[in-house]
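Novice: Can you keep this structure in mind? I'll have questions shortly.
Below is the structure:
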């Protein structure tokens, strides 16, 4: 959220309490936007987007300008807080804590550079 937004002082917020706000989001069809639309629909609501952009960085820049609020990954929010006037407010809903999985038929059969990449990704997700 923008640093001056009323929610900026909160640590967590439920999605249903912000579903009627003006949002900044990714373009239609992205996995995150589809997921958020499904969650809003389950509440009998529809997300109102003021702007839809192609990257989390662009979303955070528009949020920093005070145009609306947005839902981005924790990593994107933490990175934005280093250079932009935004604040991180977590969603308290259980569905918002996603666990991503890496899948392969056989990790041992992957080329060395791919196994190294998998190891890198696994280390990153373990820290979050």
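Residue numbers (our numbering): 2 to 129.
We put the beta carbon where it would ideally sit given N, CA and C, even for glycine.
Source: prediction; values computed, not measured.
#1: Just list the residues that DSSP pairs residue 26 with in beta bridges.
#2: Under the DSSP definition of a beta bridge, which residues are partnered with residue 91?
#3: The alpha helix (DSSP H) spanning residue 78 covers which residue range?
#4: Are there three or more Cβ pairs, one per stretch, closer than 8 Å when the region 45–57 is compared with the region 5–22?
#5: Spell out a yes or no on whether the region 25–36 and the region 50–66 are touching, meaning 3 or more CB-CB pairs, one atom from each, closer than 8 Å.
#6: Can you tell me whether residue 112 is helix, strand or coil according to DSSP?
Specialist: If we stick to the structure as given:
#1: 53
#2: 13
#3: 75–84
#4: yes
#5: yes
#6: coil
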